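Worksheet: the structure to be examined is printed underneath.
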């Protein structure tokens, strides 16, 4: 066993150091910062202030001149400053050493019980204290090949480390206290704001109730006054009539003809003048209300108003998790899982979360946050350039546990999903709600499958036989159009029974290879040199041909435009077959377009292309207005022949389903 590695160090005794350097050589007292200040003489010796004062006093008692003194060390005579010995310069070096000695920690170093005069040693590897003379014991032999230092040095180092960490801890505690006080201030501020909102809302409700109360009281007063006026007018009329009749009775001034007229008038009214005698108005007033229902409605509305939300989320225990690799041009999603202060996952949402992305050479990118309402949140962003970025997530303005989170964005795009079903040389795929219709050409069938791989049904029909069905398009509910290049026919079949509903064989078709149906029900058939457009009854409307190119595929664009893929690129025509523009699908080199599709929701065009130079298949993404965006290289699961594309809709927006004829699969890629 080898010997321990002993580190030689210089250990200075503080008492010896003080006696040699910090003691006045005249009085043998230690210097201090008060009475015995160290003064530097012109001869470079140091003497304490008390000794200098005593030397000056002795010289004055002997009637010697007091303008100069003799150094007690070297006996050299020097002149005193005009202000006296107090103006002699301080011994700067001695004062610095005094400060250092005063700041030193007085560590108690233990000694060996058998060898008290020797210093103890410390093994850093074994974390063991032992005596150098006792090292050969069985206990200490395991320190071989370790670094060994004197215990005093180890104590010194650990004391300094402890002091450093304690200071950092104190600083952290101060920062924590500041943060807590700030949180208390924000809490009080939020509470005051909510109190003001509550008071303002109920004050407004009170104003509405008071306004309605006054409106009802005013309507009662108006209706009462109207009725009272009618009755008072009637009372005045009757009073006038009464006074007139009483006056006539008193005077007896009525003639015979007038008396006869009044008698006939009273008799004509049956002796009962109800219009004048009965009240012309009534005292009926009633408040039409359902007081009980009103109180219930008000109580229900007030009770459901202003639910107070609070949260037990603790940012320090909440984390950011990456759910999938991040790629350029497509949306990257990260999951934020929240927990309380004890680390228990939360199951409710509603937390105020802010998230942004930072990186070299880019501006701050704000991220969108989706509340899953189960304690988790989805943070999404999209960048164009590959590289490393920092994702920052804060809750209540405080960073979560692993924020900032390092995000590595790559420019390779792998498939996100693959249809788990057996296929042989498939050529086309269509989506109908949750179901996939796959033209399984090698097996002479259309396979209806759910996205989890469960087979719903297999559609067989004579138009699917011969392994030559190359085109498929949804026509209407439970109807699907199939193109067979050997039969040169287009058939409409019933998806439930597989029966052919209608069939067309056209003489001009040479080697048809693709089929599409637009919103007007027109059937678009791609032949080698022409595109034929038929109405729903299979009547030929017109045909057109791209210039100097062979057709390879076609599909319906926006507004019933026609996208035509060729051996040189992708062209766009309007619904009448007039050329509009070229759609760029990559570099300046010609690209063979094997399939194409457009997303109606985003206006993005996807095309399965093959580079004429590298012969490598890939997916091209372009804007409908004619701007190339990027390529999907299918990294990790290379495409061999992307023969058919179908765009997702609804919750599948941003997804493209690709049929790989050579790999016998259907895969999904994200393009948003």
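In the working numbering, the protein residues as written are 468 to 1139.
Think of the CB as a built atom: it goes at the ideal place given N, C-alpha and C, for glycine as much as any other residue.
Predicted, not measured: the structure shown is a model, and the values here were computed from it.
Would you please state the rounded distance, in angstroms, between the beta carbons of residue i and residue j? I believe it to be under 8 Å.
i: residue 1050; j: residue 1072; result: 6 Å
i: residue 967; j: residue 928; result: 6 Å
i: residue 926; j: residue 965; result: 5 Å
i: residue 826; j: residue 855; result: 7 Å
i: residue 836; j: residue 820; result: 5 Å
i: residue 822; j: residue 765; result: Incorrect: roughly 42 Å between the Cβ atoms, too far for contact.
i: residue 923; j: residue 1113; result: Not a contact, Cβ separation roughly 17 Å.
i: residue 757; j: residue 781; result: The pair is not a contact, with the Cβ atoms about 50 Å apart (cut-off 8 Å).
i: residue 902; j: residue 916; result: 7 Å
i: residue 898; j: residue 1115; result: 7 Å
i: residue 517; j: residue 502; result: 6 Å
If we call anything under 8 Å between Cβ atoms a contact, is residue i one with residue j?
i: residue 621; j: residue 557; result: no
i: residue 852; j: residue 800; result: no
i: residue 747; j: residue 697; result: yes
i: residue 921; j: residue 914; result: no
i: residue 963; j: residue 943; result: no
i: residue 786; j: residue 911; result: no
i: residue 991; j: residue 1023; result: yes
i: residue 832; j: residue 848; result: yes
i: residue 1080; j: residue 1105; result: no
i: residue 1075; j: residue 1054; result: no
i: residue 515; j: residue 541; result: no
i: residue 465; j: residue 519; result: Because the chain here runs from 468 to 1139, residue 465 falls outside it and cannot be looked at.
i: residue 892; j: residue 1131; result: yes
i: residue 1048; j: residue 1059; result: no
i: residue 523; j: residue 539; result: no
i: residue 1025; j: residue 1065; result: yes
i: residue 952; j: residue 978; result: yes
i: residue 1123; j: residue 1102; result: no
i: residue 674; j: residue 797; result: no
i: residue 534; j: residue 527; result: no
Would the beta-carbon of residue i be found less than 7 Å away from any heavy atom of the ligand FMN?
i: residue 924; result: Absence of the ligand FMN from the depicted structure is noted, as is the absence of any ligand whatsoever, leaving it without description.
Give every residue of the same chain whose Cβ lies closer than 6 Å to the Cβ of residue i, excluding the five residues on either side of it in the sequence, and list them in chain order.
i: residue 971; result: 957 and 1005
i: residue 1134; result: 882, 885 and 1125
i: residue 793; result: 799, 874 and 876
i: residue 1120; result: 1068
i: residue 969; result: 959
i: residue 738; result: Confidence is the limiting factor: at residue 738 the pLDDT is only 48, short of 50, which leaves the residue's position unreliable and the question unanswerable from this model.
i: residue 569; result: none
i: residue 440; result: As displayed, the chain neither begins before 468 nor continues past 1139, which places residue 440 out of reach and without an answer.
i: residue 1042; result: 1027
i: residue 470; result: Since pLDDT at residue 470 reaches only 46, below the 50 mark, its modelled position is unreliable, and the value read off the structure follows with that caveat. Correct list: empty, nothing qualifies.
i: residue 494; result: 518
Residues in its own chain within less than 7 Å of residue i by CB, not counting five upstream and five downstream?
i: residue 434; result: Given that the chain is displayed from residue 468 to residue 1139, the structure contains no residue 434 and the question cannot be resolved.
i: residue 423; result: Nothing about residue 423 can be reported from this structure: the residues present for the chain run from 468 to 1139 only.
i: residue 894; result: 906, 908, 937, 1110, 1111, 1126 and 1128
i: residue 582; result: 598 and 600
i: residue 994; result: 976, 977, 978, 979 and 1018
i: residue 564; result: 488 and 489
i: residue 578; result: 587
If you drop the 5 nearest sequence neighbours on each side, which residues of the same chain put their C-beta closer than 8 Å to that of residue i?
i: residue 443; result: Past the edges of the chain, shown from 468 to 1139, lies residue 443, and the structure says nothing about it.
i: residue 1044; result: 998, 1000, 1009, 1010, 1011 and 1029
i: residue 476; result: Residue placement at residue 476 is flagged as unreliable, the pLDDT there being 49, under the threshold of 50; the coordinate-derived value follows with that caveat. If we look at residue 476 and ignore the five residues flanking it on each side, its Cβ neighbours are 616, 617 and 620.
i: residue 668; result: 772 and 773
i: residue 841; result: 814, 815 and 816
i: residue 665; result: 773
i: residue 683; result: 754
Query raised in the report: Any contact of the region 981–990 with the region 935–955, i.e. 3+ C-beta pairs under 8 Å?
Result: Touching, yes, given that three or more Cβ pairs across the two stretches are closer than 8 Å.
Requested in this report: Could you name each continuous beta strand (DSSP E) segment of 3 residues or more that falls completely within the region 866–922, going from the start of the chain to the end?
Outcome: Qualifying beta strand (DSSP E) stretches, in chain order: 872–877, 895–899, 902–907 and 912–917.
Report task. Scan the region 608–639 and note each continuous beta strand (DSSP E) run of 3 residues or more that stays entirely inside, going in chain order. Result -> List check, beta strand (DSSP E) in window: 614–617.
Requested in this report: Kindly provide the ranges of any beta strand (DSSP E) runs that are 3 or more residues long and lie completely inside the region 484–509, ordered along the chain.
Outcome: Taking 3 residues as the minimum length, the beta strand (DSSP E) runs contained wholly in the region 484–509 are 505–507, in order along the chain.
Report task. Pick out the complete beta strand (DSSP E) segments inside the region 805–868, 3 residues or longer, and give them in chain order. Result -> Within the region 805–868, the complete beta strand (DSSP E) segments at least 3 residues long are 820–826, 835–838, 843–848 and 854–862, listed from N- to C-terminus.
Report task. Can you check the region 576–600 for any beta strand (DSSP E) of at least 3 residues that lies completely inside it and give the ranges in chain order? Result -> You should have 587–590 and 595–598.
Query raised in the report: With a cut-off of 8 Å, do at least 3 Cβ pairs link the region 1010–1017 to the region 1030–1042?
Result: At 8 Å Cβ cutoff, the stretches touch.
**Report entry** alpha helix (DSSP H) runs contained entirely in the region 746–785, provided each spans 4 or more residues
**Finding:** Listed in chain order, the complete alpha helix (DSSP H) runs (minimum 4 residues) inside the region 746–785 are 758–771.
Query raised in the report: Curious, which full-length alpha helix (DSSP H) runs of at least 4 residues does the region 1045–1122 contain?
Result: Not a single unbroken stretch of the alpha helix (DSSP H) spanning 4 or more residues falls wholly within the region 1045–1122.
Report task. Jot down the residue ranges of each uninterrupted beta strand (DSSP E) in the region 999–1027, minimum 3 residues, whole runs only, in chain order. Result -> Whole beta strand (DSSP E) segments, 3+ residues: 1007–1011 and 1018–1023.
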